[in-house]
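This report refers to the structure that appears directly beneath it.
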Amino acid sequence: MRILVTGGAGFIGSNFARVVIRDCDDIIVRVVRTSANVFWLRS
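All the letters of the sequence shown, read from the start, carry residue numbers 0 to 42 under numbering that gives the first Met the number 0.
Structure follows, in structure tokens:
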């Protein structure tokens with residue numbers, strides 16, 4: 000997952016992108032874990 004930060008935003012932009020990417024990764028990990036648990040329960 001890549002977010003392109005333009006040079007004009009500078010330090011704040013890169014920090015913001017980092018936080019957004021971290022949040023998205025957390026959500027993806029939770030969804031994957033939840034679906035994995037559901038799969039294990041069904042089988």
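We treat Cβ as the ideally placed atom computed from N, Cα and C, and that holds for glycine.
Residue i versus residue j: straight-line alpha-carbon distance, rounded
i	j	result
M0	R32	A caution first: M0 carries a pLDDT of 48, below 50, which makes its placement in the model unreliable, though a value can still be read off. Roughly 19 Å between the two C-alpha positions.
F38	R29	14 Å
A35	D24	16 Å
R21	L40	29 Å
I27	R17	15 Å
Where residue i falls, given that 16 or more other Cβ within 10 Å makes a residue buried
i	result
F15	exposed
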